[in-house]
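Q: Residue numbers (this note's numbering), protein chains in the order written: chain A, 23 to 141; chain B, 2 to 319.
#1: 8 Å is my cut-off, CB to CB: does residue 142 of chain A come that close to chain B?
#2: So for residue 230 of chain B, helix, strand or coil by DSSP?
#3: Go ahead and label residue 181 of chain B buried or exposed: buried means 16 or more other beta carbons lie within 10 angstroms of its beta carbon, across all protein chains shown.
#4: Measure from the C-beta of residue 304 of chain B to each C-beta in chain A and report whether the shortest distance is under 8 Å.
#5: To the nearest angstrom, how far is the alpha carbon of residue 5 of chain B from that of residue 208 of chain B?
#6: Between residue 268 of chain B and residue 292 of chain B, is the Cβ-Cβ spacing less than 8 Å?
#7: Touch check for the stretch 61 to 69 of chain A and the stretch 90 to 110 of chain A: three-plus C-beta pairs under 8 Å?
#8: When you compare each of B:187, B:300 and B:179 to residue 114 of chain B by their alpha carbons, which one comes out closest?
#9: When you compare the stretch 237 to 256 of chain B with the stretch 76 to 84 of chain B, are there three or more beta-carbon pairs, one atom per stretch, that lie closer than 8 Å?
#10: For residue 260 of chain B, which residues in chain A fall below 8 Å Cβ to Cβ?
#11: Under the three-state reduction of DSSP, which class applies to residue 288 of chain B: helix, strand or coil?
#12: Taking Cβ to Cβ, would you say residue 240 of chain B is nearer than 8 Å to residue 177 of chain B?
#13: So that I know if they touch, is there some Cβ in chain A lying closer than 8 Å to that of residue 267 of chain B?
#14: Name, going along the chain, the residues of the stretch 104 to 138 of chain A whose beta-carbon falls closer than 8 Å to a beta-carbon of chain B.
#15: Quick one, which of A:135, A:131, A:137 and A:136 has its alpha-carbon nearest residue 54 of chain B's?
#16: Could you tell me whether any Cβ in chain A is nearer than 8 Å to the Cβ of residue 39 of chain B?
#17: Taking the straight line between their C-alpha atoms, what separation do you get for residue 51 of chain A and residue 100 of chain A?
#18: Can you confirm whether residue 58 of chain B, when its beta carbon is compared against all beta carbons of chain A, has any partner nearer than 8 Å?
#19: Between which residues of its own chain and residue 161 of chain B is the CB-CB distance below 7 Å, once the five residues before and five after are set aside?
#20: Got a sec? Which residues, its chain only, sit under 7 Å from residue 145 of chain B by beta carbon, not counting five neighbours each side?
#21: According to the neighbour-count rule (16 or more other Cβ atoms, all chains shown, within 10 Å of its Cβ), is residue 85 of chain A buried or exposed?
#22: Mind checking residue 77 of chain A: buried by the 16 CB within 10 Å criterion, or exposed?
#23: Specify the secondary structure class of residue 41 of chain B as computed by DSSP and reduced to three states.
#24: By alpha-carbon positions, which one of B:230, B:166, B:210 and B:198 ends up nearest to residue 192 of chain B?
#25: Which class does residue 171 of chain B belong to by DSSP, given the choice of helix, strand or coil?
#26: In angstroms, rounded to a whole number, what distance separates the CA positions of residue 316 of chain B and residue 281 of chain B?
#27: Quick one: what does DSSP say residue 309 of chain B is sitting in, helix, strand or coil?
#28: Please say whether residue 272 of chain B and residue 296 of chain B have beta carbons closer to each other than 8 Å?
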């Protein structure tokens, strides 16, 4: 298992109302279905101060108030596909990006048929 | 499909003949309700199941060369020699093709999978005279131009006229059919595989249904992989009557031979052995013995009450 570099690090040059970056965004595993537990580093910037929370798949990871920038760093159980979002006090996502797991080898599943069953 | 099933039932199958279908439908409903409450396991690594794991999105192809034979229970039908047995399968995340079975997995759980499947009905193969007959559907039997001596009495009822037994060449051609339905695969133990199928005719050929239950267990050791299984197949009256019944469609056949097929239970035992010789070559052997049931074996076309199949040879994995 290894990490992909982040796609956007230049949060200090945020020209939008909100900017959000995560490192990494993708976790690569050997086989589809393998678990990935890795450290997630997040940085966000807001041009207007307000209570904000960082959430993954709808669950809050951390919350801030009276600041216009914040960081988060924690080891998490990586989602197969999950939305990482910066939300306001009402839980509405203001900006988001997707975290995912990708595999080097195809997923395995059970074979349902039987060998030489044609006869 | 369900409508076809119900129509088939309302036409011909009554009383106890309906019981197997009702039983299976009830079981499928029960299992569907059970698994709907469980967790999806598309993310669960297959290694946890230990056996039968294959890579998805990859075609798997192997061919076995050797000798085998499948007996033909029909009078006039030849035993089928088997020289080459292909083993071809492909599994996507949901779609799969496995040796002639085309399927779509609706739910994949750790111990239960539910799929829609379609497959060729192989009853017609007994009316084919060779391997190409099975694969290519040769119309080798049944011209209707029969020249049987019309019996004056039912077979065996008179000693004045000796009646030649009815052969598959004497009756009208039977058609290939494509069946489709629901397949349920269960793994109550990591070494045990239970498969149930409920199938109905999709092509309007025999208008019948069949139900299969198969219990198989595999054991891998220093002598290779050994798998043994037991099956129970139920086939409806319509299915049996289409292939093994004799009636007006078989023009030229004396009415004394007329026969109406009945629903049958067909148990079977299977065994296969797979011994790896190296990374690509293996020695394989397999055998199957199936009892036909009186609804089929009482047909004037049938002369045996069981079908046996065996094959042994070497397998090469591409």
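Here a beta-carbon is modelled for each residue, glycine too, at the ideal position from N, C-alpha and C. This one's a predicted model, so the numbers in the text were calculated from it and none came from an experiment.
A: Working from what's here:
#1: There is simply no residue 142 of chain A to check, as chain A begins at 23 and stops at 141 in what is shown.
#2: Position 229 of the second chain, counted from the start, is the residue given in the question as residue 230 of chain B. If DSSP states are grouped into helix, strand and coil, residue 230 of chain B belongs with the strands.
#3: By one-based count along the second chain, residue 181 of chain B stands at place 180. Its Cβ being crowded by 16 or more others within 10 Å, residue 181 of chain B is buried.
#4: Position 303 of the second chain holds residue 304 of chain B. No, residue 304 of chain B lies away from the interface with chain A (no Cβ there is under 8 Å from its Cβ).
#5: To locate residue 5 of chain B, count along the second chain from 1; it is residue 4. To locate residue 208 of chain B, count along the second chain from 1; it is residue 207. Because the pLDDT at residue 5 of chain B is just 43, under 50, the model does not fix this residue reliably, and the value given afterwards should be weighed accordingly. If you take the alpha carbons of residue 5 of chain B and residue 208 of chain B, they lie about 8 Å apart.
#6: Position 267 of the second chain, counted from the first residue, corresponds to residue 268 of chain B. Position 291 of the second chain, counted from the first residue, corresponds to residue 292 of chain B. Against a cut-off of 8 Å, the Cβ pair of residue 292 of chain B and residue 268 of chain B comes out as a contact.
#7: yes
#8: Taking the second chain and counting its residues from 1, the one referred to as residue 114 of chain B is at position 113. The shortest Cα separation from residue 114 of chain B among B:187, B:300 and B:179 belongs to B:187.
#9: no
#10: For the purposes of this step, residue 260 of chain B is identified with residue 259 of the second chain, where counting begins at 1. Chain A residues near residue 260 of chain B: none, gap ~27 Å exceeds 8 Å.
#11: Counted from its first residue, the second chain places residue 288 of chain B at position 287. Looking at residue 288 of chain B - three-state DSSP - the assignment turns out to be strand.
#12: For the purposes of this step, residue 240 of chain B is taken as the residue at position 239 of the second chain. For the purposes of this step, residue 177 of chain B is taken as the residue at position 176 of the second chain. No. Outside cutoff.
#13: One-based indexing of the second chain puts residue 267 of chain B at position 266. Output row for residue 267 of chain B: interface = no.
#14: 127, 128, 129, 130, 131, 132, 133, 134, 135, 136, 137 and 138
#15: For this step, residue 54 of chain B is matched to residue 53 along the second chain. Residue 54 of chain B has its Cα closest to that of A:131, out of A:135, A:131, A:137 and A:136.
#16: Within the second chain, the letter at position 38 stands for residue 39 of chain B. Residue confidence is low: residue 39 of chain B scores 45 on pLDDT, short of 50, so the model does not pin down where it sits. Its coordinate-derived value is still stated next. Judged by the 8 Å Cβ criterion, residue 39 of chain B is not in contact with chain A.
#17: Along the first chain, read from residue 1 onward, the residue named residue 51 of chain A stands at position 29. Along the first chain, read from residue 1 onward, the residue named residue 100 of chain A stands at position 78. Straight-line Cα distance between these residues: approximately 11 Å.
#18: Along the second chain, one-based indexing puts residue 58 of chain B at 57. Judged by the 8 Å Cβ criterion, residue 58 of chain B is in contact with chain A.
#19: Residue numbering aside, residue 161 of chain B sits at position 160 when the second chain is read from its first letter. Any reading at residue 161 of chain B is ruled out, since the residue's pLDDT is 49, under 50, leaving its predicted position unreliable.
#20: Here residue 145 of chain B refers to the residue found at position 144 of the second chain. With a pLDDT of 32 at residue 145 of chain B, under the threshold of 50, the predicted position of this residue should be treated as unreliable, though the coordinate-derived value follows. Once the five neighbours on either side are set aside, the close Cβ partners of residue 145 of chain B are 173, 252 and 253.
#21: One-based indexing of the first chain puts residue 85 of chain A at position 63. Exposed.
#22: Locating residue 77 of chain A in the first chain gives position 55, counting from the first residue. With 16 or more other Cβ atoms within 10 Å, it is buried.
#23: Taking the second chain and counting its residues from 1, the one referred to as residue 41 of chain B is at position 40. Residue confidence for residue 41 of chain B is low, a pLDDT of 47 falling below 50, so the modelled location carries little weight and cannot support an answer.
#24: Taking the second chain and counting its residues from 1, the one referred to as residue 192 of chain B is at position 191. The shortest C-alpha separation from residue 192 of chain B is found at B:230.
#25: Counting from one through the second chain, the residue named residue 171 of chain B turns up at place 170. The answer is helix: DSSP assigns residue 171 of chain B an H, G or I state.
#26: Walking along the second chain from the start, residue 316 of chain B turns up at place 315. Walking along the second chain from the start, residue 281 of chain B turns up at place 280. Distance between the alpha carbons of residue 316 of chain B and residue 281 of chain B is about 8 Å.
#27: Here residue 309 of chain B refers to the residue found at position 308 when the second chain is read from its first residue. The answer is strand: DSSP assigns residue 309 of chain B an E or B state.
#28: Looking up residue 296 of chain B in the second chain gives position 295. Looking up residue 272 of chain B in the second chain gives position 271. No, these two residues do not count as a Cβ contact at 8 Å.
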